[in-house]
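>
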Amino acid sequence: ADSICAGGRRVQNVIWRISVSAAYADTCIHCICLHESGCKPIGCNMDVGSLSCGYYQIKLPYYEDCGTPGRKSGEDLTTAWKRCANDYNCSTQCVNAYVNRYKGGCSSTGEGACQVMSRLHNGGPAGCKNTNTVGYWNAIKKCCGCS
């Protein structure tokens, strides 16, 4: 009976750690959303020579790199991007897919998951290695207390 209880505690501990990791990721992405738009569907704004749209201020090439979530069959790419960017669930899915696509390039940098997400979101595929993304990461870190 002791081994069953001990095993049960181990399972509970693993489940608790997974839940904490999920909540941590939710906090990180929420802080990115707050930083970019106040976490509101603010439409598109000119940023460094091209439009950035929606909750996370996503640019068109970023939307393409995240796999064009929410794009309807035959729909114009620009229309799909702007609609997705201004839809919280769609744009959050896009950010997560983008980070999952490029996070492998950050594995040698020793950064925590939120830092990886923040710097990739801000600096593109090489964001983890780009020192210009450190200020952005520091702003997100202040919000979430993450690493």
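Under the numbering used here, the residues of the sequence shown are numbered 1477 to 1623, in order.
Think of the CB as a built atom: it goes at the ideal place given N, C-alpha and C, for glycine as much as any other residue.
#1: Do C1560 and S1549 have their C-beta atoms within less than 8 Å of each other?
#2: Would you mind sorting K1558 into buried or exposed? The rule is 16 or more other CB atoms within 10 Å of its CB.
#3: Considering only residues of the same chain and omitting the five flanking positions on each side of Q1591, which have a CB-CB separation below 6 Å?
#4: Return yes when the Cβ of N1608 is within less than 8 Å of the Cβ of G1599, no when it is not.
#5: Using DSSP with H/G/I as helix, E/B as strand and the rest coil, what is A1498?
#6: Secondary structure at N1572, three-state DSSP: helix, strand or coil?
#7: Going by DSSP, which residues form a beta bridge with L1527?
#8: Assuming the contact rule is C-beta atoms closer than 8 Å, G1519 and C1529 should be a hit. Round their C-beta distance to whole Å, please.
#9: Between the C-alpha atoms of G1581 and Y1538, what's the straight-line distance to the nearest angstrom?
So, from the listed chains and residues:
#1: In this structure, S1549 does not lie closer than 8 Å to C1560 by Cβ.
#2: buried
#3: For Q1591, where only same-chain residues beyond five positions count, the Cβ hits under 6 Å are W1613.
#4: yes
#5: Here A1498 scores only 45 on pLDDT, less than 50, and its place in the model should not be relied on; the value that follows carries that caveat. Reduced to three states, the DSSP call for A1498 is helix.
#6: helix
#7: M1522
#8: 7 Å
#9: 16 Å
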